[in-house]
Amino acid sequence: MAAAGLVAGSLTTTNVTAVSPVLSAATLTPASAGSPVISASASTGVGEEARLAAARLSSTISLPHPGSPEALTHPEADHMGGGSTIAPAARTMAAGAATALASSSNPQGLDVSSYQGNVNWSQVRTDGAAFAYMKATEGTYYYDSTYFSQQYDGSYANGLIRGAYHFAIPDNSSGAAQADYFVAHGGGWSADGRTLPGTLDIEYNPYGAECYGLTTSQIVSWIASFGNEYRLLTGRYPTIYSTTDWWTTCTGNSAAFGSYGLAIARYGASSPTPLPASWPSYQIWQYADSGVFPGDQDVFGGSLAQLVQFSLVGGSVVASSVPLNCGSGGDQRSPRDATVQTGVVISSSGTYRTETVTSAGALVPIVTSVPTAETPLVAVWQNSTDCSASPGSRNAWAVAPNGAVYGETSASGPPARNLGDPSNVALVRPVVGMSPTSDGAGYWLVAGDGGIFSYGDAQFYGSTGGVHLVQPIVGMATTPDSLGYWLVASDGGIFTFGDAGFYGSLGGVQLVKPIEAMVATPDGRGYWMVASDGGVFCFGDAVFKGSMGGQTLSAPIAGMIPNGTGYTLIGQDGRTYPFS
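Position 390, counted from 1, in the sequence shown is what our numbering calls 1254; the numbers after and before it change by one each time, with no gaps.
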């Protein structure tokens, strides 16, 4: 297996491209004021995630499958790297190449299924493994009730970073139903730095037609259905395990899944390239089906610290920026006054640092002492528009996926007080962003399903909570008078509430890359949206100033801010691109 974005020291993440239109804003009935129901946050825990997923299954499972995997008749073909995926002639790697991979400084790992039975995890750890995946489910008809607990819990108890995987059977039931089944039977995720986001193992069909009798567009839609449901339940996109050959054959080499991690299988080669079109890099390379560890042999494409980081953020860092209107584009100090980075950087001392100061090449903490269980942070906002102030004199809010809000109040300036949060609520959808009122005396939190939580002087104007969204909400923007707000989904669908006018939407457009963020114009009469490739879309009086679309970026775009005369795009690596 592998995971998209972490290789040679870089973490790249984006959101999945839309495959069908979102609901029109006109069809939404605003929810009544109060606490909306939102999704299971990353901090809810795998037990609560499983309960929520199980509750969704009865209405979505559609078809039985003729196979009987509880009594496995094809153990060699139902696991990652099974015989159906890798042609026998390609399964033998030159001894020197395999030895070099196994002895590299990159973290070593393995993946197992019931075929391996109980695993001696103490020996696996002694032999040098740092991470492991184990099969939890297949379709909506099989879960490993015999060995999964020993493998999943045993690896964790012996110090490995562990994760579960689901063997996809797209002709059995919908992607969403299989994601529900997976999470209900061990495939959840916890932000403990030791649990990897689940993996979708999608490859050659061990039961019949190579692509399960589906067209390439149907396969793409099925994968998106699985991934969106998994993200709504856990707050993270899954990793995809496959081969370049299958991906090309059965998805048409889709480029729509750059937000997901990549676990790539390729045996008998000195590298896993070429990679499928969605990914410029990989996280995990499965390079052999036997070796020093039980099961398949894996290597991570980065350092151990990056592996820990990947376990926390996976393939779905939800980015929010800090809108500081500091005059002309030339007055922007990059990126200190542009944004607070999303996806917490953890220092060796355990401090959670959320602001990058490139001029000094140093990391400056804005909000510290965030509990590990509530990382990564998904949004950080500064409660100050004083562009001459030093980072230490700025107050900020930080928000975790469970809605926990941390307000920094130790310095001068308007206090960013904690005015309330839903961190103790059993969330049905994770929090993905926040926006403060213009006077800094209140804020809104928004969940992936568009559920709105209002605190302080922030009034409730409506919510998409409870509406089945085709694509999840990824951000929000507030009107200048704080009397309304916009929500934006990953396909660019816009939802308006209060006095926020509707100026246009990308909903239903097949985007090359998903929308990551939006900002309103200073007068509130238009808005810009930005995709992870830096493509900019403008509506209303938002004038187009420029775009990174089509360029090769060092990291995907994570957010955007207004800069007085235009906008600035912010990459996941902290680089900024001003357009005025």
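Ideal placement from N, C-alpha and C gives every residue a C-beta, glycine not left out.
Computed from a predicted model, the values in this text were never measured in an experiment.
Taking a C-beta distance under 8 Å as the contact criterion, A1353 and K1377 do not qualify as a contact pair.
Scanning its chain for C-beta atoms nearer than 8 Å, with the 5 sequence neighbours on each side dropped, one finds around S1411 the residues G1398, G1399, V1400, F1443, in chain order. When beta bridges are read from the DSSP output, F995 appears opposite G973, I1025. Going by DSSP, T1063 is part of the beta strand (DSSP E) stretching over 1063-1065. When the beta-carbon positions are compared, L974 and D1035 stay at least 8 Å from each other. Selection L1433, P1426, G1072, A1406 evaluated against A1419 yields L1433 as nearest (Cα-Cα). Taken through DSSP and simplified to helix, strand or coil, G1399 comes out as coil. Residue environment for G992: exposed (fewer than 16 other C-beta atoms within 10 angstroms of its C-beta). Beta bridge pairing from DSSP links L1351 with M1340, F1359. In chain order, G1297, S1299, V1310, Y1349, L1351 place their CB closer than 6 Å to the CB of M1340, counting only its own chain and leaving out the 5 sequence neighbours on each side.
Sequence-distant partners of S986 (beyond 5 residues in either direction) whose C-beta falls short of 7 Å from its own C-beta, in its chain, are N1022. Within the same chain, Cβ atoms closer than 7 Å to the Cβ of N982 are found at Y1011, Q1014, the five residues on either side in sequence being excluded. Per DSSP, F1046 lies in no beta strand (DSSP E); the unbroken alpha helix (DSSP H) holding it starts and ends at 1039-1048. Using a Cβ-Cβ distance cut-off of 8 Å, the region 1138-1151 and the region 1080-1097 are not in contact, since fewer than three pairs of beta carbons, one from each stretch, lie closer than that value. Around the beta carbon of D1345, fewer than 16 other beta carbons sit within 10 angstroms, so the residue counts as exposed. Ranked by Cα distance from G1372, the options T1385, Y1068, G1356 are led by G1356. Where E1093 is concerned, the enclosing alpha helix (DSSP H) starts and stops at 1080-1098. The region 1039-1053 makes no contact with the region 1152-1160; the number of CB pairs closer than 8 Å stays below 3. Its chain contains C1075, I1083 as the residues whose beta carbon lies nearer than 6 Å to that of C1114, once the 5 sequence neighbours on both sides are disregarded; these appear in chain order. In the three-state reduction of the DSSP assignment, L1283 falls in the coil class, being assigned neither a helical nor a strand state. At a Cβ-Cβ threshold of 8 Å, F1361 and L1171 do not count as neighbours. For the pair A1268 and Y1307, the Cα-to-Cα distance works out to about 13 Å. Under DSSP, S1299 shares a beta bridge with W1308. Here the alpha carbons of L1024 and P971 stand approximately 11 Å from one another. Straight across, the Cα-Cα distance linking Y1319 with G1368 is about 29 Å. Taking F1317 as the centre and dropping the five residues before and after it, the same chain places the C-beta of P1286, L1309 closer than 6 Å to its C-beta, in chain order. In this structure, the alpha-carbon of Q1323 lies about 59 Å from that of A1133.
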